[in-house]
Each structure stands twice: as C-alpha cells, then as structure tokens.
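In our numbering, the protein residues as written are 3 to 304.
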C-alpha cells in the first residue's frame, strides 16, 4: 500500500510537470526572456545595428523625463485613450442595447454591419477615411456644404487631426466592444428585469441598477483591451498623417519608432526607444490595474 501511494504521488508530480512545463517554456522564451533583454537594452547606448554598445544605467530614462517631446506624445496618447474610449463605449452600449431589444427586427444584419469594419486593415481604414476627409472632394465636406456650412474644412489639419483620427478609430473598432457588451447583456436573466419592473423601475433604473452591475466583468475585459491597444496606437496615426508625424499628432509609439528606427542623421537610439517601451508598459499595467479595481469581478447583491 505504501509503495502504491508513492507511485501515485510520483506519477502525479510528473503529470503536473507535463501539463505546466510546455506553457512555462513558451512563456519563458516569448515573454520573460524578451522582457529581461529589453530591460538590459534600455540601459544601453546602442543603435540596434552595431555590435558595440555602452552601458549607461538609467540615463535613457532620465533623458526621457527631461524630453518635452516625450511628454507631448504621452499627452496626445492619453487624449486619444480618454476621448476615444468615451466614444467607443458610448456607441458600443448604444448599439448593444438596441440589438438586445426584443422589438428590433433584422438583428443579425445590423450586428454584421456594425462589426464589419473590424475586418478592414488599419491601412484600409486610413485610405477610406482620408478620402472622406479630403478638403476638396471629400464626402464629409460635400455633405456639410449641402447644409450651408463653409466648404474646405481641413479635417486632417493640426487643429482637427487627432479628433478626426479618433472618429476613424471609433468607426473601425466599436464593433468589437459592442460584441462583448451584447454577449454580456444576453446572459443577464430576464427575471432580474421583471422583478425590477414590478418594483417600479424605469428603463434608466434598469440600466443603472441591473445592467451595469451585471456587466462589470465584461466592462473590465473590454476596457482592458481598449487600454492595451489604444496606449500603443501607431498604425492609424502613421497611415493618416504620413511617415513624418507632426508633433500635434505624435503618440508614444510613433515617437518611439522615430527615435529607434527612423532617426534623422542615422542616429538610431535603440536603447532610448526601448526605455520608452518599458515606461509605456508600466503605464499600461497601472491603467489596467485601476480598471481592475473599478470593474473587476466582485460579489453582487441583488
């Protein structure tokens, strides 16, 4: 009996190692090791092309703290995250609520129509909206001219460009948030709404006291995905504004690319760009942590 017990214990340990080992190996190779390597590179003066590098400690981080252009890019990024997030989730809740209504016909069609832009590449979205934003023959200016608005609005000028990019991103990405929220709404038992209506709750009360509390975990997932993606916004800005992004539109990711891969006079600063990436990761982790505290799963009382 003792021998049998030892065999079972030994076999159980090997089974755990067999199940956990491959995942741990993949995590170590593709996440842990690149992260540690990035930390080392962020403390070096290195072009990324030369085999020679010089250890500079925290100098790259100190230079970023004193860099006004970095702070401007961070401010632009946070503006995009906040305003774009409000737009994304406002429309996502609006569309999801409409599609969850039993009185709406053709739900599959509208759901597909709203989600369809998610299949278009970033470059495709940029080409489409650059045509819509065209000063001379863009559809938006033509429609506004029909209402008597002065034609020739420069939607991609320095003053309007970030808001125009946010509008483009909402059109392209709202379908993803809508699908998550709609799935969460459809799992809420109808009996909760019926009980609330018996107590005299109107639609606003139902949304505030039933729908939102039941969607907290879904909101956390959708918000976390938005924070992770939007804090790294790059492709849409680069495609709409061109390779030389203006300071008014520069985000952390576009500035990181500029100093690490596309610096003037071939002064590629891979170490400084990597330090910026480390700072960006820290900011994202903090923001997701705040979202976790605000919307993470908790015990609900009904």
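Where is the CB? At the ideal position from N, CA and C, for every residue including glycine.
Alpha-carbon spacing of residue i relative to residue j, whole angstroms
i	j	result
residue 25	residue 32	11 Å
residue 39	residue 262	16 Å
residue 244	residue 283	25 Å
residue 158	residue 281	29 Å
residue 22	residue 90	38 Å
residue 85	residue 166	11 Å
residue 53	residue 67	27 Å
residue 126	residue 187	31 Å
Residue i - containing alpha helix (DSSP H), residue span
i	result
residue 248	Premise fails: residue 248 is in no alpha helix (DSSP H) and is neither H nor E.
residue 196	192-200
residue 207	205-208
residue 119	From DSSP, residue 119 is part of no alpha helix (DSSP H); its letter is neither H nor E.
residue 143	141-148
residue 77	70-101
residue 296	272-297
residue 256	254-262
Assigned exposure category for residue i - 16 Cβ within 10 Å defines buried
i	result
residue 20	exposed
residue 143	buried
residue 114	exposed
residue 254	buried
residue 34	exposed
residue 274	buried
residue 326	The structure shown does not extend to residue 326, since the chain is modelled only from 3 to 304, so the question has no answer here.
residue 252	buried
residue 183	buried
residue 185	exposed
residue 73	exposed
Beta-carbon contacts of residue i that lie in its chain and below 8 Å, excluding the five residues immediately before and after
i	result
residue 118	177
residue 100	106 and 112
residue 293	222, 225, 226 and 229
Sequence-distant residues of the same chain with beta carbon closer than 6 Å to residue i, five excluded per side
i	result
residue 87	228
residue 15	none
residue 109	101
residue 276	40, 43 and 44
Cβ-Cβ distance between residue i and residue j below 8 Å
i	j	result
residue 180	residue 94	yes
residue 203	residue 211	yes
residue 37	residue 272	no
residue 160	residue 256	no
Contact set for residue i: own chain, Cβ-Cβ below 7 Å, skip 5 residues either direction
i	result
residue 134	140, 141 and 142
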